[in-house]
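Novice: Take the sequence shown: its letters are residues -22 to -1, 1 to 359, numbered as in mature numbering (1 follows the signal peptide of the UniProt record, and there is no 0). Structure in structure tokens, see below.
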Amino acid sequence: MSAFMRLAIWSLLLLLTGCVEPYAPEAVTAPSNYLVINGFIDGNGTTRIRLSRSVQIASPSVFPAERRATVVIENQAGQRYYLTETDTAGLYTSKRLTLPANQNYRLYIRTSAGREYASDYTPLKIAPAFDQLEGRTQTNGLQLYLSTHDDQNQTRYYRWQYEETWEFTSAYESLYRYAGNNKMVLRKEDIYHCWRIEPSTTIVTTSTVRLSQDAVRDYRLLFIPRASEKLLSRYSILVRQYGMSQAEFDYWEAVKKNTENIGTLFDPLPSQIQGNVHCLSDAQEPVLGFVGASTVVAKRIFIERGSLPREWIPQQEGYEACTGLDHWPSIKYQDYTMDDMFGDSVYRTPVTRVGGGYTMQTIDCVDCRIRGTNRKPSYWP
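As structure tokens, this is what we get:
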């Protein structure tokens, strides 16, 4: 983040607290079309790099993808590993690689417009194995801890990303579906049982530089309240561990400071974020992002409902408005035909058969696919 961007943020804060007429500083309204690089060089797997373009703060547009670029992993020995663009615009992936650990690596990019970019060469960090990843019950919920160490004292800077998965059900189980022409049929597809998958959205880092040993003990990764839907049935978390250079650690700490700790007068001021990617075609052109290089160690655990205290009563989430079932036909809906009532599933979805009619609810209360997927993950027991 440059000086003009820091000025822009403070101007916006003043606008929110005291100004009546909107004011957009020149730094905020200036054209912005900088290359944004998101990803890292994976030393023992598939490297995934997402390229996009920045937009103005006030723009409603999403980050436009940078398509048809040439993306290459290079080392100082002259070896090159090409990435190819996937069906997802702007996402480039390599083959599964095992990179030599005694080399420095960088990412080279040539856009379809012919502009060239490259990250600084960086050594490949070797992520150590997990010593422990577990959940421990506390009074108000489940605390997830992790531990790791490096006997060679070579890691020192750590970063983690995680992906949570949990099983849940909709508020009501629909046994029928409307097939048109005043005909109900038994529902074959299960839209009652689903899985929700959520990646981490926070930056999780730590350093052992000030410790005598390169060891992380009982790091508090994530807390799940005892009433959370995640603990209704079975919960799983996959944690990926990376090693970092000091420069990469400082970058992520700055990003964390500027995105997670700003909001009140007592929070730290925005700081300048300096990445390690540069435009080779124009040294003055800003480039956003940091490309590190590390192997990845992953570990998955499961938490079963039966292993948690019986007095914990997790609650369904997202179904607070789903109270009770309507019935068709009934006096309330006497002017509605079956096609009127069920022809548009968004209006009402049949649940069960009762007498000569059906109970029903809105699709939001019945179809769990709105909040997740009904396809069982391959790793699920």
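For each residue, glycine too, the CB sits at the ideal point set by N, CA and C.
Mapping DSSP to helix, strand and coil, what is Y311?
Specialist: Counted from its first residue, the sequence shown places residue 311 at position 333. It is coil, neither helix nor strand.
Novice: How many angstroms separate the CA atom of L243 from the CA atom of K235?
Specialist: Along the sequence shown, one-based indexing puts residue 243 at 265. Along the sequence shown, one-based indexing puts residue 235 at 257. Confidence at L243 is low in this model, with a pLDDT of 48, below 50, so its placement is unreliable and the value that follows should be read with caution. If I take the Cα positions, the gap works out to 14 Å.
Novice: Distance, Cα to Cα, G350 vs Q34?
Specialist: The residue given as residue 350 occupies position 372 in the sequence shown. The residue given as residue 34 occupies position 56 in the sequence shown. So the alpha carbons of these two residues sit roughly 32 Å apart.
Novice: For the ligand ATP, I want to know if R74 counts as a neighbour, meaning its beta carbon is within less than 7 Å of at least one of the ligand's heavy atoms.
Specialist: Judged by which ligands are present, the structure shown has none, so any question about the ligand ATP falls away.
Novice: According to DSSP, is V187 part of a helix, a strand, or is it coil?
Specialist: Along the sequence shown, read from residue 1 onward, the residue named residue 187 stands at position 209. Looking at V187 - three-state DSSP - the assignment turns out to be coil, as it is neither helix nor strand.
Novice: On the DSSP letters alone, give me the boundaries of the alpha helix (DSSP H) that D317 sits inside.
Specialist: Counting from 1 along the sequence shown, the entry for residue 317 is found at position 339. First-last of the alpha helix (DSSP H) with D317: M316 to F320.
Novice: Is it buried or exposed, G334, if we count other Cβ atoms within 10 angstroms and call 16 or more buried?
Specialist: As a working mapping, residue 334 is identified with position 356 in the sequence shown. Its Cβ having fewer than 16 others within 10 Å, G334 is exposed.
Novice: With burial defined as no fewer than 16 other Cβ atoms inside 10 Å of the residue's Cβ, what is the status of K103: buried or exposed?
Specialist: The count along the sequence shown starts at 1 and reaches residue 103 at position 125. Answer is buried; the Cβ neighbour count reaches 16.
Novice: Is the distance from the Cβ of E142 to the Cβ of E176 below 8 Å?
Specialist: Reading the sequence shown from its first residue, position 164 is the one you call residue 142. Reading the sequence shown from its first residue, position 198 is the one you call residue 176. Yes. Within cutoff.
Novice: How big is the Cα-Cα spacing for residue 387 and I169?
Specialist: Beyond the ends of the chain as shown, which are -22 and 359, falls residue 387; an answer cannot be given.
Novice: Could I get the ranges of all uninterrupted beta strand (DSSP E) runs contained in the stretch 60 to 96, with 3 residues as the minimum, in chain order?
Specialist: If we require 3 residues or more, the beta strand (DSSP E) runs fully inside the stretch 60 to 96 come out as 69 to 74 and 82 to 88.
Novice: Taking the beta carbon of P78 as the centre, do at least 16 other beta carbons fall within 10 Å, making it buried, or is it exposed?
Specialist: Within the sequence shown, residue 78 is the residue found at index 100, counting from 1. P78 should be labelled exposed.
Novice: Are the Cβ atoms of R26 and T100 separated by less than 8 Å?
Specialist: Taking the first residue of the sequence shown as 1, we reach residue 26 at position 48. Taking the first residue of the sequence shown as 1, we reach residue 100 at position 122. Cβ atoms of R26 and T100: not closer than 8 Å.
Novice: Which residue marks the beginning of the alpha helix (DSSP H) containing F227, and which one marks its end?
Specialist: Start at 1 with the first residue of the sequence shown, and residue 227 comes out as number 249. F227 -> alpha helix (DSSP H) spans Q224 to E238.
Novice: Is T7 helix, strand or coil when you go by DSSP?
Specialist: Here residue 7 refers to the residue found at position 29 of the sequence shown. Confidence in T7 is poor, its pLDDT being 49 and thus under 50, which makes the residue's placement unreliable; the coordinate value appears in the next sentence. T7: helix per DSSP, three-state reduction.
Novice: Rounding to the nearest angstrom, what Cα-Cα distance links T(-6) and Y135 in this structure?
Specialist: On the sequence shown, position 17 is the one that residue -6 refers to. On the sequence shown, position 157 is the one that residue 135 refers to. Only weak support is given to the placement of T(-6): the predicted model assigns it a pLDDT of 46, under 50, and the question is left unresolved by the model.
Novice: Taking E226 as the reference, which of L29, Y95, S185 and S206 has the closest Cα?
Specialist: Along the sequence shown, one-based indexing puts residue 226 at 248. Considering only alpha carbons, the answer is S185.
Novice: Can you list, in chain order, the residues of its chain with a C-beta nearer than 6 Å to that of E263? Leave out the 5 residues immediately preceding and following it.
Specialist: Position 285 of the sequence shown, counting from 1, holds the residue named residue 263. C257, listed in sequence order.
Novice: Which residues in the same chain as I202 place their Cβ atom closer than 7 Å to its Cβ, once the five residues preceding and following it in sequence are excluded?
Specialist: Residue 202 sits at position 224 when you count from the first residue of the sequence shown. Cβ neighbours of I202 beyond the five flanking positions: G119, L120, K208 and L209.
Novice: May I have the straight-line CA-CA distance separating A157 from V163, to the nearest angstrom?
Specialist: Here the question's residue 157 lines up with position 179 in the sequence shown. Here the question's residue 163 lines up with position 185 in the sequence shown. Distance between the alpha carbons of A157 and V163: 6 Å.
Novice: Using 8 Å as the threshold, is the C-beta distance between G267 and N16 below it?
Specialist: Within the sequence shown, residue 267 is the residue found at index 289, counting from 1. Within the sequence shown, residue 16 is the residue found at index 38, counting from 1. Yes, these two residues count as a Cβ contact at 8 Å.
Novice: Going by beta-carbon coordinates alone, are Y213 and I281 separated by less than 8 Å?
Specialist: By 1-based counting over the sequence shown, the position of residue 213 is 235. By 1-based counting over the sequence shown, the position of residue 281 is 303. Taking 8 Å as the Cβ cut-off, Y213 and I281 qualify as a contacting pair.
Novice: Suppose the cutoff is 6 Å on Cβ atoms and the five residues either side in sequence are ignored; what does the same chain contact list for V324 look like?
Specialist: Taking the first residue of the sequence shown as position 1, residue 324 is located at position 346. Contacts found: I341.
Novice: Find out if the Cβ-Cβ distance for the pair R28, G68 is shorter than 8 Å.
Specialist: For this step, residue 28 is matched to residue 50 along the sequence shown. For this step, residue 68 is matched to residue 90 along the sequence shown. Taking 8 Å as the Cβ cut-off, R28 and G68 qualify as a contacting pair.
Novice: According to DSSP, which residues form a beta bridge with I202?
Specialist: Here residue 202 is taken as the residue at index 224 of the sequence shown, counted from 1. According to DSSP, which records beta bridges pairwise, I202 is partnered with L120.
Novice: Given a threshold of 16 other Cβ atoms within 10 Å of its Cβ, counted over all protein chains shown, does T7 qualify as buried or as exposed?
Specialist: Reading the sequence shown from its first residue, position 29 is the one you call residue 7. Residue placement at T7 cannot be trusted, given a pLDDT of 49 that sits under 50; what the coordinates show is reported in the next sentence. Burial call: exposed.
Novice: On the three-state DSSP scale, how would you describe residue 369?
Specialist: Coverage of the chain is limited to positions -22 through 359, which leaves residue 369 absent and any answer about it impossible.
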